[in-house]
Structure formats: structure tokens, C-alpha cells
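Colleague: Below are the C-alpha cells for one structure; questions will follow.
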Amino acid sequence: MWKVSLIRLVAIATLMPFAATAATDPAPADPPSPGERCPTLRAVTQDSHGHTMWCIHMIDGPTYQVWQYTGVS
Numbered sequence: 001m002w003k004v005s006l007i008r009l010v011a012i013a014t015l016m017p018f019a020a021t022a023a024t025d026p027a028p029a030d031p032p033s034p035g036e037r038c039p040t041l042r043a044v045t046q047d048s049h050g051h052t053m054w055c056i057h058m059i060d061g062p063t064y065q066v067w068q069y070t071g072v073s
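Right, here's the structure in full:
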């Protein structure tokens, strides 16, 4: 069995709640709207009415990816 010093044990026990909350990524409170930035290309979500939206890069639009109703199928 491994012996862990008391200081190391206290440090680990203190940092674990912070690590657990940093690792979780809660969903946004409001669904996205078309044209809003999205985090991952080809991600899929639904708007507030249940319509499917895709995260795409628009050729003639902004240089970042945005939520749109048409996209990769």
C-alpha cells in the first residue's frame, strides 16, 4: 500500500471540488439563435422550437463557425 503524506492528502482533497466543477460544461441557459458563434464545427443542437441547427462555417459570412438551419447532413 502506498503511503501518502498528510499535506498531499489535504491538498488533493482541497482541489478535487474545483477540478470537478472545472471539468463539467453546463449547457447554455438559452438555445442558440441562427448566426451565433458555435464551439465545434458540425455540432448539432435544437433551437427553442425544436428545429435542428448545425454549426457550420459560412463561405460568404464571418470567419468563424455559426449556428444555421442548413448544414452538413
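Under the working numbering, the first residue of the sequence shown carries the number 1, and numbering increases by one thereafter.
The C-beta atom is built at its ideal place from N, Cα and C for all residues, glycine as well.
Tell me which residues share the same chain as Ser73 and place their Cβ nearer than 6 Å to its Cβ, disregarding the 5 neighbours each side in the sequence.
Modeller: In this prediction, Ser73 has a pLDDT of 47, which is less than 50 and means its spatial position is unreliable; what the coordinates show is noted afterwards. Counting only Cβ-Cβ distances below 6 Å, and skipping sequence neighbours, we find nothing.
Colleague: Cβ atoms of Thr45 and Met53: under 7 Å apart, would you say?
Modeller: Taking 7 Å as the Cβ cut-off, Met53 and Thr45 qualify as a contacting pair.
Colleague: Kindly identify the DSSP beta-bridge partner or partners of Arg37.
Modeller: According to DSSP, which records beta bridges pairwise, Arg37 is partnered with Val66.
Colleague: Report yes if the CB atom of Arg37 is closer than 7 Å to the CB atom of Tyr64, and no otherwise.
Modeller: Taking 7 Å as the Cβ cut-off, Arg37 and Tyr64 qualify as a contacting pair.
Colleague: Taking the alpha-carbon positions, what's the Met1 to Arg42 distance?
Modeller: With a pLDDT of 45 at Met1, under the threshold of 50, the modelled position of that residue is not reliable, and no figure is offered here.
Colleague: With respect to the beta strand (DSSP E) encompassing His57, which residues constitute its N-terminal and C-terminal limits?
Modeller: Note, His57: beta strand (DSSP E), 52-57.
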